[in-house]
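Undergrad: Okay, handing you the structure first.
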Amino acid sequence: MSTGTSSEHSEHVFDTTDVFQDTAASFDTVAKAEASPDVKQPFRELGMTEDEYLRVREILGRRPSSSELAMYSVMWSEHCSYKSSKVHLRQFGEKAPKTAALLVGPGENAGVVDVGEGLAVTFKVESHNHPSYVEPYQGAATGVGGIVRDILTMGARPIGVMDPLRFGPADAPDTARVLPGVVAGVGGYGNCLGVPNIGGEIVFDPCYLGNPLVNALCVGVMRADEIKLAKAPGPGNQVILFGARTGGDGIGGASVLASATFDEDGPAKRPSVQVGDPFMEKVLIECCLEIFAADLVVGIQDLGAAGLTCSTTELAAAGTGGMDVRLDLAPLRDSTLTPEEVLMSESQERMMAVVEPAKVEAFLAVCEKWDVTATALGEVTDSGRLRMWWHGELIVDVPPRTLAHEGPVYNRPFARPQWQDALQADAPTPERLTRPANAEQLRATLLRLVGSPNLADKSWALEQYDHRVQGNTVLGHGEDSGLVRLDAARPGTSLGVALATDGNGRFAKLDPYSGAQLALAEAYRNVAATGAKPLAVTDCLNFGSPEDPDVMWQFAEACRGLADACLELGTPVTGGNVSFYNQTGETNIHPTPVVGVLGVIDDVDRRTRSAFEREGEILLLLGDTRDEFGGSEWAHEVHSHLGGLPPRVDLAREKVLGEVLIAGSRDGMLSAAHDLSDGGLAQAVVESCLRGGHGARLVLPETDAEGAPLDPFVALFSESAGRAVVAVPRSEELRFTDMCVARGLPVARVGVVDGTALEVQGQFTVPLDELRAAHTAPFRKLFGHSVVDA
Amino acid sequence: MPARIGVVTFPGTLDDQQALRAAAAVGAEPVKLWHRDKNLHQVDAVVLPGGFSYGDYLRAGAIARFSPVMDPIIDAARDGLPVLGICNGFQVLCEAHLLEGAMIRNGDLHFINRDVKLRIENNRTVWTSDYEAGAEAVIPIKNMDGRFVADERTLDALEAEGRVLARYTANPNGAARDIAGISNAAGNVVGLMPHPEYAIDDLTGPYPGPGTDGLPFFTSILKSLVSA
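Heads up: the protein sequence lines correspond to chains E and A, in order.
The first sequence begins at 1236 in the working numbering and counts up one residue at a time.
The second sequence begins at 18 in the working numbering and counts up one residue at a time.
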């Protein structure tokens, strides 16, 4: 057990000019708060409004102590309370499709889905955008660490991570600072944890230049009867803090309180970006899983945003309702920390468990085995109050629900932006944007697009991630979805889960309602393309300032679109994250809802790859192609244009396409499947050719869904949704096309796997080597550099 | 009784489960060894698996080398116990002076996870006897400090004594003389930066295949133990 800090606080923090001079203690206490109601408190510096501050006073019937003020300020922050988004997020529950698969829904650390064989899978995506701009390596690293702890907290072994990333222009000097740091941070932390990185995205757009998006997704597996929840039931049960010591990192607002009592030449303000230690987290994962296996906890919570404040209040609020904590027992890295700083520190790799007294000894023994520091800080009570002491003085005495669940809720004003109509009217018609007019120009367009930053091969970055560790990665980078076998929870099983994340900010800017739906549709399609049945959704909603009615409208529309689409596709949102205030200078980012879809596959041997592997196989295009270039990669890359409407959404079509792809995989009809999205048919075929090392002869369809003529440019580069290209053995072609026709899914024969070049008949031919160079060289040229001659 | 292959878990070890799986896949009895163990539980061979033991703090392998379990391993290795160090395990063997040389940061300063082609230069060890001499094998690398270095005299000696176990056919990290793995003079202690335990089946192994080129490391040791 730690003895915490000693009396050096009195030397450091005591300030003869402040209000505390008349007592021995140098820190604010509940007693002082009662005795000095008129002290001016720095609530504004902590990000609270006057109304919020007055509400705290009303709840407590007095002014808050500075520790209490710190706690309310952080728990009622946008990040922790979802105060601006709550009213819109509700519809994910209200419109959720009824499914027996959902074991734990939104509100817990992560949602949990039943995947069969007595196994449950938990997954969630979160943002770590702002820290990653300030300090790319640590921001991204601790983003991975935080989401992995959320998954671990549910009782699951983390079995995969993915990182959807957005950056400013690829050739911008600041991108050269941010991207390599973020990629190294994702790898540096995840690789050391031993959780395979199985997918993600890297997308560039000027709107992210001053505000990159670093989202992190984790998936974990457990036995369905071993789900753990964040609650502290049972008076007398012990509250144990374990893992890393608490340091001064990650303290944002608390330094306002702390520095208020520092001399001018005292310590500088604490850094507000956390620093991660993946080794500690790896040990913590194994320690926790051993604790779970021995059934030693009744509740558990990780320490993420708002650190000890959040974990104690959430555990207490969800449990019997009360908790007594001796805060000064928390092991510290820095003995000069004030109680406010200890409460708000976001030091990484810490967990809090609620343990029955009879099991404390066994709990501590497991921690000792893994060399993990563990300290009993207090116990659960039925007082309905969360009380904390610091060196014998009561510093916190609050009803925990008022922090965790009863924070402010804002119905922020929103309105369709005035510029929205003009944006949508600026459609990428042939008159507005010059299109390639002949075979030579089409060929040049294809080579330009496959080498453009958004569509180019990202191996330079993806090779920095360990995708093999744990030995269960069946599909990883370069496939439509990441797919892992669930062997960690049931050795020998053939059961697997697939995951894909997608989110096109340009589409969402043109129309946030359908943009969010397109993100879901694409991830859904990607999961189905590998043969897995989509089950559930997680979302990371990255938006600008909620105080801007334009942004709030985008947010409201995106939520409505996503909730409606989830209902129609039968895949509930199980949890996620909202990130507001994403701005480059004064300009809000494109609304960027990133959607992750989880699917299940009974037999991982049946998964479908995206590569064209066998000569002579037939290429079929599934779905309808229309002249749809609003928000397309071509308009973006070639014309820097954003206008018009995004591709049409047809969720019924997505569902049928998904069924066909899954059935084709299960029944062994498909050799390859690849979804069509950014860059259209051309990009999909190029990727599948290069991955399989085989060329293709393409015969482009000559008419669109309505029978109107389809020009080669539209056939190659349109981004119409609800489409995929598949390769089938000749012996399966009839059976497969019959299935498509029976289900009403348009199917067209568009070519054959053949040779060492991509030939678009009647148009042009590009040798694979030339394609490969165009596709793989640009990213390494932008970001790679070799220090030695390897 | 099947041959017992022990796999050591240090704090921060990541590839222990996969090494155990590879041992089981060839019919050996996988045995978990803990870093605090003071004896080796009658194992017939030891694998020091990959990962980031002690977070690679100080230097990769530098702290793990002083774990209690390393005392009996070092003693037994000197008496001929077959020991295979993979990736971080190779680094531990170097730190323990069971093998020469050291691993430094990859040439491009990045972590590299890639399927690479190796040429098996020495198939006379107990860990490589199932390969044809000069055979090529596709095996993944995944490391940050994978670049083998040693002074010229040591490198010349390794070459002269035929102790270069495997070389990269396309050097990914600047390793001296393309060296991916070496053995000790007796041939029982082998260090290898690539991960043969992740190339044991077509489902999860290198793509496009072959996905099973790592298996001979494990069939080799099994045959050697069974015939011993």
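Using N, Cα and C, we set each Cβ at its ideal position, and we do this for glycine too.
1. For a test of the three-state rule: what should DSSP assign to Asn-1364(E), helix, strand or coil?
2. Quick one, are the C-beta atoms of Thr-1991(E) and Leu-2003(E) less than 7 angstroms apart?
3. Need the endpoints of the beta strand (DSSP E) that Gly-1229(E) sits in, please.
4. Using only CA atoms, which one of Glu-1591(E), Cys-1523(E), Ala-1674(E), Glu-1516(E) lies nearest to Ser-1582(E)?
5. Identify each residue in the segment 1706-1719 of chain E for which the Cβ-Cβ distance to at least one residue of chain A is less than 8 angstroms, and report them in chain order.
6. State the DSSP-derived secondary structure class of Cys-1288(E), mapped to helix, strand or coil.
7. Please classify Val-1988(E): is it buried, with 16 or more other beta-carbons within 10 angstroms of its beta-carbon, or exposed?
8. For Leu-1464(E) and Glu-1343(E), which I take to be in contact (beta-carbon distance under 8 angstroms), what is that distance rounded to the nearest angstrom?
9. Could you tell me whether the Cβ atoms of Met-1586(E) and Asp-1537(E) are closer together than 7 angstroms?
10. Any residues in the segment 1671-1704 of chain E with a beta carbon nearer than 7 angstroms to a beta carbon of chain C? Which ones, in chain order?
11. Between the segment 41-66 of chain A and chain E, which residues of the former have CB atoms less than 8 angstroms from a CB of the latter, in chain order?
12. Report the partner residues of Val-1988(E) according to the DSSP bridge assignment.
13. With a threshold of 7 angstroms between beta-carbons, can Asp-1498(E) be considered close to chain A, or not?
14. Buried or exposed: where does His-1929(E) fall if 16 or more other Cβ atoms within 10 Å of its Cβ makes it buried?
15. For Phe-1864(E), I'd like the list of residues in its chain whose CB is within less than 6 angstroms of its CB, leaving aside the five on either flank, ordered along the chain.
16. Compare the C-beta of Leu-220(A) against all C-beta atoms of chain E and say whether one is closer than 7 angstroms.
17. Which residues of chain A have a Cβ atom closer than 7 angstroms to the Cβ of Cys-1427(E), listed in chain order?
18. Report the CB separation of Val-1921(E) from Leu-1993(E) in whole angstroms; it is logged as a contact under 8 angstroms.
19. What number of angstroms, rounded off, separates the C-alpha of Ala-1743(E) from the C-alpha of Ala-1411(E)?
20. Are Ser-1618(E) and Gly-1557(E) touching if we call contact CB-CB under 7 angstroms?
21. Skipping 5 residues on each side, what residues in its chain have a beta carbon closer than 7 angstroms to that of Ala-1540(E)?
22. What first and last residue would you give for the beta strand (DSSP E) that runs through Ile-1475(E)?
23. Quick check on Arg-131(A) - is its C-beta less than 7 angstroms from some C-beta in chain E?
24. Looking at the C-beta of Tyr-185(A), does it have a partner C-beta in chain E at a distance below 7 angstroms?
25. Use the C-beta contact count for Thr-1481(E): other C-beta atoms within 10 angstroms, 16 or more gives buried, fewer gives exposed.
26. If we define contact as Cβ-Cβ less than 7 angstroms, is Gly-35(A) a contact residue for chain E?
27. Identify the continuous alpha helix (DSSP H) that holds Ala-1887(E) and give its terminal residues.
28. Leaving out five residues before and five after Leu-14(A) in sequence, what residues of the same chain have Cβ atoms less than 6 angstroms from its Cβ?
29. So which residues on chain E does Pro-227(A) lean against when the C-beta distance must stay under 8 angstroms?
30. Using 7 angstroms as the threshold, is the C-beta distance between Ser-1362(E) and Asn-1812(E) below it?
31. Anything in the segment 119-147 of chain A with a Cβ closer than 7 angstroms to a Cβ of chain E? List those residues in chain order, please.
32. Classify Ile-1433(E) as helix, strand or coil using the three-state DSSP reduction.
33. Just to confirm my understanding: we take Ala-1268(E), look at its own chain, exclude 5 residues before and 5 after, and list those with CB closer than 6 angstroms. What are they?
34. Kindly list the residues whose CB is nearer than 6 angstroms to the CB of Gly-2054(E), restricted to its own chain and excluding five residues on each side of it in sequence; keep chain order.
35. Taking the alpha-carbon positions, what's the Pro-2042(E) to Leu-101(A) distance?
36. Which residues bound the alpha helix (DSSP H) around Pro-1408(E)?
TA: To lay it out plainly:
1. Here residue 1364(E) corresponds to residue number 129 of the first sequence, with the count starting at 1. Reduced to three states, the DSSP call for Asn-1364(E) is helix.
2. The sequence position of residue 1991(E) within the first sequence is 756, counting from 1. The sequence position of residue 2003(E) within the first sequence is 768, counting from 1. Cβ atoms of Thr-1991(E) and Leu-2003(E): closer than 7 angstroms.
3. Look at the range of chain E in this structure, 1236 to 2025, and you will see that residue 1229(E) is not part of it.
4. Here residue 1582(E) refers to the residue found at position 347 when the first sequence is read from its first residue. Checking every option, the nearest Cα to that of Ser-1582(E) belongs to Glu-1516(E).
5. Gly-1706, Asn-1707, Thr-1708, Val-1709
6. Stepping through the first sequence from its first residue, residue 1288(E) is reached at position 53. Before going further, note that residue 1288(E) is Tyr rather than Cys in the sequence given. The answer is helix: DSSP assigns Tyr-1288(E) an H, G or I state.
7. Here residue 1988(E) corresponds to residue number 753 of the first sequence, with the count starting at 1. Per the 10 Å Cβ criterion, buried.
8. As a position in the first sequence, residue 1464(E) is number 229, starting the count at 1. As a position in the first sequence, residue 1343(E) is number 108, starting the count at 1. Going by Cβ atoms, the distance from Leu-1464(E) to Glu-1343(E) rounds to 6 angstroms, so yes, they are a contact pair.
9. Taking the first sequence and counting its residues from 1, one reaches residue 1586(E) at position 351. Taking the first sequence and counting its residues from 1, one reaches residue 1537(E) at position 302. In contact: Met-1586(E) and Asp-1537(E) (Cβ atoms closer than 7 angstroms).
10. Of the protein chains in this structure, namely E and A, none is chain C.
11. none
12. Within the first sequence, numbered from 1, the residue matching residue 1988(E) stands at position 753. Note: Val-1988(E) sits in a beta bridge opposite Ala-1931(E).
13. Translated into positions along the first sequence, residue 1498(E) becomes position 263. Legend: pLDDT at Asp-1498(E) = 40, less than 50; position of this residue unreliable, value from coordinates given subsequently. Taking Cβ atoms only, chain A never reaches closer than 7 angstroms to Asp-1498(E), which makes this a no.
14. Along the first sequence, read from residue 1 onward, the residue named residue 1929(E) stands at position 694. Result: buried.
15. Along the first sequence, one-based indexing puts residue 1864(E) at 629. Around Phe-1864(E): Pro-1663, Ala-1870.
16. Here residue 220(A) corresponds to residue number 203 of the second sequence, with the count starting at 1. It does: the Cβ of Leu-220(A) has a partner Cβ on chain E nearer than 7 angstroms.
17. The residue labelled residue 1427(E) in the question sits at position 192 within the first sequence. Within 7 angstroms Cβ-Cβ: Phe-69, Gly-72.
18. Counted from its first residue, the first sequence places residue 1921(E) at position 686. Counted from its first residue, the first sequence places residue 1993(E) at position 758. The pair is a contact, with the Cβ atoms about 7 angstroms apart (cut-off 8 angstroms).
19. Translated into positions along the first sequence, residue 1743(E) becomes position 508. Translated into positions along the first sequence, residue 1411(E) becomes position 176. Ala-1743(E) and Ala-1411(E): Cα-Cα distance of roughly 26 angstroms.
20. For the purposes of this step, residue 1618(E) is taken as residue 383 along the first sequence, with counting starting at 1. For the purposes of this step, residue 1557(E) is taken as residue 322 along the first sequence, with counting starting at 1. Against a cut-off of 7 angstroms, the Cβ pair of Gly-1557(E) and Ser-1618(E) comes out as a contact.
21. In the first sequence, residue 1540(E) corresponds to position 305, counting from 1. For Ala-1540(E), where only same-chain residues beyond five positions count, the Cβ hits under 7 angstroms are His-1314, Cys-1315, Glu-1581.
22. Stepping through the first sequence from its first residue, residue 1475(E) is reached at position 240. Looking at the DSSP string, the run of the beta strand (DSSP E) that includes Ile-1475(E) is 1473-1478.
23. Position 114 of the second sequence, counted from the start, is the residue given in the question as residue 131(A). Taking Cβ atoms only, chain E reaches closer than 7 angstroms to Arg-131(A), which makes this a yes.
24. As a first step, residue 185(A) must be located in the second sequence, where it is residue number 168. No, no contact with chain E.
25. What you label residue 1481(E) is simply residue 246 of the first sequence in a count that begins at 1. When all chains shown are included, Thr-1481(E) counts as buried.
26. Sequence index remark: in the second sequence, residue 35(A) carries index 18 (1-based). Checking the sequence, you will find Gln at residue 35(A) rather than Gly. At least one chain E Cβ lies under 7 angstroms of Gln-35(A).
27. Here residue 1887(E) refers to the residue found at position 652 when the first sequence is read from its first residue. Residues 1886-1901.
28. One cannot answer for residue 14(A) here, as it falls past the ends of chain A, which runs 18 to 245.
29. Position 210 of the second sequence, counting from 1, holds the residue named residue 227(A). The premise fails here: Pro-227(A) is roughly 14 angstroms from chain E at the closest Cβ pair, so nothing lies under 8 angstroms.
30. Counting from 1 along the first sequence, the entry for residue 1362(E) is found at position 127. Counting from 1 along the first sequence, the entry for residue 1812(E) is found at position 577. Cβ distance < 7 angstroms, so Ser-1362(E) and Asn-1812(E) count as in contact.
31. Gly-124, Asp-125, Leu-126, His-127, Phe-128, Ile-129, Asn-130, Arg-131
32. In the first sequence, the residue the question calls residue 1433(E) occupies position 198. Ile-1433(E) falls in the strand class under three-state DSSP.
33. By one-based count along the first sequence, residue 1268(E) stands at place 33. Answer for Ala-1268(E): Arg-1297, Arg-1298, Ser-1300, listed in chain order.
34. Residue numbering for chain E in the displayed model covers 1236 to 2025; residue 2054(E) lies beyond these limits and cannot be assessed.
35. Within the shown structure, residues of chain E are numbered from 1236 to 2025, placing residue 2042(E) beyond reach of any answer.
36. As a working mapping, residue 1408(E) is identified with position 173 in the first sequence. Note, Pro-1408(E): alpha helix (DSSP H), 1408-1428.
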